[in-house]
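Protein chains in written order, with our numbering: chain A, 6 to 234; chain B, 10 to 614; chain C, 1361 to 1564.
Note that CB positions come from ideal geometry on N, CA and C, so glycine has one too.
Some notes on the structure that comes next.
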Amino acid sequence: MNQSVDFIIGAISFILTIMVFSYLLGDNFFFRLASYLLVGVASGYTAALLIRKVIEPYLITPIIQGGYEQWLLVIFPLLMCLLLIAMFFPRFSRLGSLPLAFLAGIVAALTIVGVSFGTLVPQLGTLVESFNPDGLIVGANPNYLKIADAVIMVIGVVTSLFYFHFGLSRKKTNPEMRPKLIEAMAKIGQVFIGITLGALFAGVYSAALLALISRITMSRDFIMMLFGS
Amino acid sequence: MSDDVLICPHCGEENLASATRCLHCGLPLEEAFAIDGLKDISSSLTGDFVKAEEESLPDLFRDLHEEADLQKKAAKIEALSSIESTTNKAEEDASEELEAEDTIPEWLKKIRQRAQVEDDSSGDLIKKVNARDEIPQPSEQSQVDNEFEDWLRQIRLNARRDSIQPLVEEPTIPGLDEETPSWLQKLREIKETENEPEPELKPQTEETLPEWVEEEQEHLASSDSSLSKGHPEHTQPLQLAPEVTQMPGESIGLGETGAEKIEIGKDQTKEGEALEKIIGQVGFPTGTEGKAFLEAFEQERPETADLLLLRSQRDRAKDLKDMVENEGKAGVLPKQQKAPRNKFFQLVLYLLVLSVIALPLFSGAIDTKINGTMQPVSLAFFDSVSQLTAQESVLIVIDYQPGSSAEMAAIFQPVLDHLTRQAVKKSFITTYPEGVWLTSQLIGQEESLTETGTTYLPGAKIGLMNLSLDTSAALSPGLVSSDLFGSQYDLDYDSIILLTDSFNGGKNWLELVGPFISADKSLLMVASTQEAAMFLPYFDSAQLDGLLAGLNESALYNNALGKSSSISINRSYQAGLLIMAACFVIGIITSIGVKERPESQEDVP
Amino acid sequence: MKKIVSIVIAISTGILVIAALIFRPQFNPLLSLILRWGITIGSMAALVGIAVLIKTHLQRIAVGKRGFFFSLIVLFGFSVSFLGGMLLGVANPAYQLWISSIQLPLEISFLGLLTLILTTTGFRLYRLKGWTPLSISFGISAVVFLIIAMGYLQGLGNPTLDRVIEFIQRLPIAGGRGILIGMALGALVVGIRVLIGVERPYGE
Chain A
6 MNQSVDFIIG AISFILTIMV FSYLLGDNFF FRLASYLLVG VASGYTAALL IRKVIEPYLI
66 TPIIQGGYEQ WLLVIFPLLM CLLLIAMFFP RFSRLGSLPL AFLAGIVAAL TIVGVSFGTL
126 VPQLGTLVES FNPDGLIVGA NPNYLKIADA VIMVIGVVTS LFYFHFGLSR KKTNPEMRPK
186 LIEAMAKIGQ VFIGITLGAL FAGVYSAALL ALISRITMSR DFIMMLFGS
Chain B
10 MSDDVLICPH CGEENLASAT RCLHCGLPLE EAFAIDGLKD ISSSLTGDFV KAEEESLPDL
70 FRDLHEEADL QKKAAKIEAL SSIESTTNKA EEDASEELEA EDTIPEWLKK IRQRAQVEDD
130 SSGDLIKKVN ARDEIPQPSE QSQVDNEFED WLRQIRLNAR RDSIQPLVEE PTIPGLDEET
190 PSWLQKLREI KETENEPEPE LKPQTEETLP EWVEEEQEHL ASSDSSLSKG HPEHTQPLQL
250 APEVTQMPGE SIGLGETGAE KIEIGKDQTK EGEALEKIIG QVGFPTGTEG KAFLEAFEQE
310 RPETADLLLL RSQRDRAKDL KDMVENEGKA GVLPKQQKAP RNKFFQLVLY LLVLSVIALP
370 LFSGAIDTKI NGTMQPVSLA FFDSVSQLTA QESVLIVIDY QPGSSAEMAA IFQPVLDHLT
430 RQAVKKSFIT TYPEGVWLTS QLIGQEESLT ETGTTYLPGA KIGLMNLSLD TSAALSPGLV
490 SSDLFGSQYD LDYDSIILLT DSFNGGKNWL ELVGPFISAD KSLLMVASTQ EAAMFLPYFD
550 SAQLDGLLAG LNESALYNNA LGKSSSISIN RSYQAGLLIM AACFVIGIIT SIGVKERPES
610 QEDVP
Chain C
1361 MKKIVSIVIA ISTGILVIAA LIFRPQFNPL LSLILRWGIT IGSMAALVGI AVLIKTHLQR
1421 IAVGKRGFFF SLIVLFGFSV SFLGGMLLGV ANPAYQLWIS SIQLPLEISF LGLLTLILTT
1481 TGFRLYRLKG WTPLSISFGI SAVVFLIIAM GYLQGLGNPT LDRVIEFIQR LPIAGGRGIL
1541 IGMALGALVV GIRVLIGVER PYGE
């Protein structure tokens, strides 16, 4: 029984892999079939999971099992959910802006707090901290490597930020160009950003390569199982 | 006197039988209609009028008038002499009739006598009209002749127009696109026809040409023209005439939509004006008949095509012709020609890469041992896990998509072994819906999930914040707590290991959960190589206590555990990395000296 | 009227959440309640999105639009997955096996396909983008990190080489930190704009 199940799953996996890799020959029926099948299965699973794991415990259970207090605490999300369902009908779609506004307010607040305390403060603090004399001077001698490291870090961070600056010069001679100093800094920033993007590219390729190898390995195992049995 | 024609008694010219005035001299023809008894009445009416007019004229004009009268009298004499000759004949005929009259019945004689006595049955209105008609027209002979000719021509044209009216019906232009103007569509059609071998300039069939067309051709051939003679180039402007003549304020605006319009030259004779009127009223035959007509025109009288266009119109037509020739010439076709070659090259490259990667896997290559030392980030990770003691709780977060599961499973395996060795209590949660079944793929049969299970944490950012505020409520939702104000809940885990393949997912954890973790607890990350570089700054700023990423680091981690650091797929992995590096280098070398292409011409793979 | 109500809701919610986070210990349960409401509403929004997707595909089938066969496939996959999850439960092993046998190979294959596409991209990068400081540094960095990822150089056991490799591996931190700070500043600005009502991503 287990063997047959494994065989069926292996066969499905192999066929789906072939269908996806047929894209190498160009966009075709099998590739699109695989894509649409993924969309259908994923959306069905997600819908079932959200209903069973979120709507039931967060909304329905308090109404069914809870008392008057629970109803009061649940009425607001219930009302918002009904307004969201109204979005399904084009005539009442504008009613959906209220619950979305509620969500937008929460997400905006979390974003502000998160980036402030989670990224900006620690990262800028580290940048400043790297010039702490306690860390740069070991005994009586300065640690030149650490100093160079700190200087390169500051230059890299500052010039990278200049790269994202899009303020334009208002000079009549070059109306569409950024100020020269910013342009020069941005060029240096491009180098640092290019190094980071190159490292990221190598990582993306590595991850994709491992996925490809796993698929080839699976296909090899299936073929061997097919001819072996 | 015959029934069809009436001879004027004054000038002796022929007139239609139904005419009341002579077309040549303008004088009434009533004397020809003279009936005994009526003659005195009509002549008295006109005679008194003329006499009155004569008396009012000055002497000079009277003399001139007398001269005119003399001329008229001379004409009358001539007419009379001709009439005499005819009347002699008529008398002979009359004598013959008299002889026959004896045979006429009595009642008929009475009717004739009565007709002579009684008034004309036409009535007062007609008499007044006739009286008005008696007023002589102050027109010259030639003008009258011309007007007569025009009038006859008008009658003929009307008759012909009626006969060929169906040809002037507005044809439906097939494929007329609302977006593309009709004139542009026609240009394109012309362009297509121009690309075809030029057909012989012959009419398709002579039978398709109406008779009046030939007649007008003869007219034009005989008329003078100031325009230069045509040459083959000018035949094309004629084809472009519809578009040329549609320029505002230029065209005469002849014909219906879809019917071609023809401009008439400046120096036009009366025949040219007539042609213009003819074509305007009749319209131009469209479709094949129109083409046949044009071809006939060009063949019979090549210069007549030029007769129909102004010089400025021709220049404009030439410009349009250049536009039509240049239309669609830029870009698309060469690119399409390149596409098959690029596709073939791509396919060859794909097969090469696949074969290089697959070969070690199918050839049964030996496992390769990885040597070296771990990076500081990986070392810190190892140390953090090593510091965990038995029965301490570790929260393992599955925060990656199924696509990265192969890599994440390969990297996390040594860590899982390490945790098992440390005998820690493991809890699994996931922020992705697929994480519920991915955990079983990750752990396999080693762990019994029935006890711990994998909890789904919904809400992305909002769910993470909720987790850091109230972990138990976040992980086991149920009835809502009615205490809205209370004490702080802390994350009740000694370590959190985050498995992520997404920078945003990891960042959310670091921003929303990390700050709320106490200092004695660790936040570790197992990251996919595709995002590992972006998490290094967080490790540098001590927000992350350890980071493990990459197949090599994972193998070295295994090595640190005392296990074998060999990877079965290492050869394929290295081959794949090498071929990518080679592609980059070859791409750099081959692009030296090649001009940068504008972005609009990029080929997307 | 509706516009003002939406804006008021967004601003008041945001300010309430920030206040609760600042005065965290006292307002934890209140904040937890608001966040719970947010999770419920967010999940319902996701469900409505899925419903709209299914509705679109149903309309395509009803109209008989070209390619409606693929809409049939979507509906088939959705029906089986949804009904199986609702009837058997999402934790059911057989149900999870069905889902994983479809989703896992497809998603891994899509990622694996990226490998081959990236090779041609690397080949034509400089022909397309030309020679700029960004493209030059990108290309050189990519080649160097690809070689480092192979593991050969680390395996040689040369201490100097190891230190050079360590230095090279730290280089992306500078650019990465700049990108992080830039992104954080951008997100901060957008968040503030939402809270003051200038930015309205909720459809008004």
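{"Query": "So C/Ser1392 contacts chain F; which residues on that side make the cut at Cβ distance below 7 angstroms?", "Result": "The structure shown contains no chain F; its protein chains are A, B and C."}
{"Query": "Determine which residues of the region 537 to 555 of chain B have a Cβ less than 7 angstroms from any Cβ of chain C, and write them out in chain order.", "Result": "Ala542, Met543, Leu545, Pro546, Asp549"}
{"Query": "In this structure, how does DSSP classify B/Ile271 when only helix, strand and coil are distinguished?", "Result": "Legend: pLDDT at B/Ile271 = 40, less than 50; position of this residue unreliable, no value from coordinates given."}
{"Query": "Identify whether A/Ala191 lies in helix, strand or coil by the three-state DSSP scheme.", "Result": "helix"}
{"Query": "Whose C-beta lies closer than 6 angstroms to the C-beta of B/Ala669 among residues of the same chain, with five residues either side of it excluded?", "Result": "One cannot answer for residue 669 of chain B here, as it falls past the ends of chain B, which runs 10 to 614."}
{"Query": "At a Cβ threshold of 8 angstroms, is A/Ser27 touching chain B?", "Result": "no"}
{"Query": "Which chain C residues sit within Cβ distance under 9 angstroms of B/Trp518?", "Result": "What B/Trp518 touches in chain C: nothing, since even the nearest Cβ is about 15 angstroms away."}
{"Query": "Quick one: grab the DSSP three-state call for A/Asn137.", "Result": "coil"}
{"Query": "Under 8 angstroms Cβ-Cβ, which residues of chain C neighbour A/Phe81?", "Result": "Trp1397"}
{"Query": "Quick one: what's got a C-beta closer than 7 angstroms to B/Ala389's C-beta in the same chain, skipping five residues either side?", "Result": "Asp554, Gly555"}
{"Query": "Evaluate the contact criterion for the region 1371 to 1385 of chain C versus the region 63 to 74 of chain A: three or more CB pairs, one atom per stretch, below 8 angstroms.", "Result": "no"}
{"Query": "Looking at A/Leu115: is its Cβ nearer than 8 angstroms to the Cβ of C/Val1377?", "Result": "yes"}
{"Query": "To the nearest angstrom, report how far apart B/Phe544 and B/Phe512 are at their CA atoms.", "Result": "8 angstroms"}
{"Query": "Tell me whether B/Gly381 sits in a helix, a strand or coil according to DSSP, three-state version.", "Result": "coil"}
{"Query": "Out of curiosity, what's the CA-to-CA distance linking A/Val79 and C/Thr1400?", "Result": "10 angstroms"}
{"Query": "Quick one: grab the DSSP three-state call for B/Ile506.", "Result": "strand"}
{"Query": "Figure out for me which residue from B/Phe593, B/Asn380, B/Leu508, B/Gln450 has the closest Cα to the Cα of C/Ser1501.", "Result": "B/Phe593"}
{"Query": "Using beta-carbon positions only, say whether B/Leu358 and C/Thr1479 come within less than 8 angstroms of one another.", "Result": "yes"}
{"Query": "Can you check DSSP and say which residues form a bridge with B/Ala558?", "Result": "B/Ala536"}
{"Query": "If you measure beta-carbon to beta-carbon, which residues of the region 1461 to 1488 of chain C are closer than 8 angstroms to chain B?", "Result": "Gln1463, Leu1464, Glu1467, Ile1468, Phe1470, Leu1471, Thr1475, Leu1476, Ile1477, Leu1478, Thr1479, Thr1480, Thr1481, Gly1482, Phe1483, Arg1484, Leu1485, Tyr1486, Arg1487, Leu1488"}
{"Query": "So, does the region 404 to 413 of chain B touch the region 365 to 373 of chain B, judging by three or more C-beta pairs under 8 angstroms?", "Result": "no"}
{"Query": "Select from A/Gly119, A/Ile17, A/Ile13 the residue whose C-alpha is nearest the C-alpha of B/Ile471.", "Result": "A/Gly119"}
{"Query": "With DSSP as the reference, identify every bridge partner of A/Pro147, one or two as the case may be.", "Result": "A/Ile142"}
{"Query": "Taking DSSP as the reference, what is the three-state secondary structure of A/Phe93?", "Result": "coil"}
{"Query": "Apply the 10 Å Cβ neighbour rule to A/Phe227 and answer buried if 16 or more other Cβ atoms are within range, or exposed otherwise.", "Result": "buried"}
{"Query": "Apply the 10 Å Cβ neighbour rule to C/Ile1510 and answer buried if 16 or more other Cβ atoms are within range, or exposed otherwise.", "Result": "The sequence given here has Met at residue 1510 of chain C, not Ile. Result: buried."}
{"Query": "Express the C-alpha separation of B/Ser485 and B/Tyr627 in angstroms, rounding to a whole number.", "Result": "Any question about residue 627 of chain B goes unanswered here, given that chain B covers just 10 to 614."}
{"Query": "According to DSSP, is B/Thr440 part of a helix, a strand, or is it coil?", "Result": "coil"}
{"Query": "Measure the C-alpha to C-alpha separation of A/Leu217 and C/Asn1518 and round it to an integer number of angstroms.", "Result": "32 angstroms"}
{"Query": "Give me the chain A residues within the contact set of B/Tyr502, using Cβ-Cβ distance strictly less than 7 angstroms, ordered along the chain.", "Result": "Residues of chain A passing the Cβ test: none, with the nearest at roughly 19 angstroms."}
{"Query": "Taking only beta-carbon positions, decide if A/Phe227 is within less than 8 angstroms of chain B.", "Result": "no"}
{"Query": "A/Tyr149: buried (16+ other C-beta within 10 angstroms of its C-beta) or exposed?", "Result": "exposed"}
{"Query": "Can you check the region 1427 to 1494 of chain C for any alpha helix (DSSP H) of at least 4 residues that lies completely inside it and give the ranges in chain order?", "Result": "1428 to 1448, 1453 to 1489"}
{"Query": "State the start and end residues of the unbroken beta strand (DSSP E) segment that holds B/Ile420.", "Result": "No beta strand (DSSP E) contains B/Ile420, which is instead part of the alpha helix (DSSP H) from 414 to 431."}
{"Query": "Opposite B/Asn335 in the DSSP bridges: which residues?", "Result": "Looking at the DSSP assignment, B/Asn335 forms no beta bridge with any residue, so it has no partner."}
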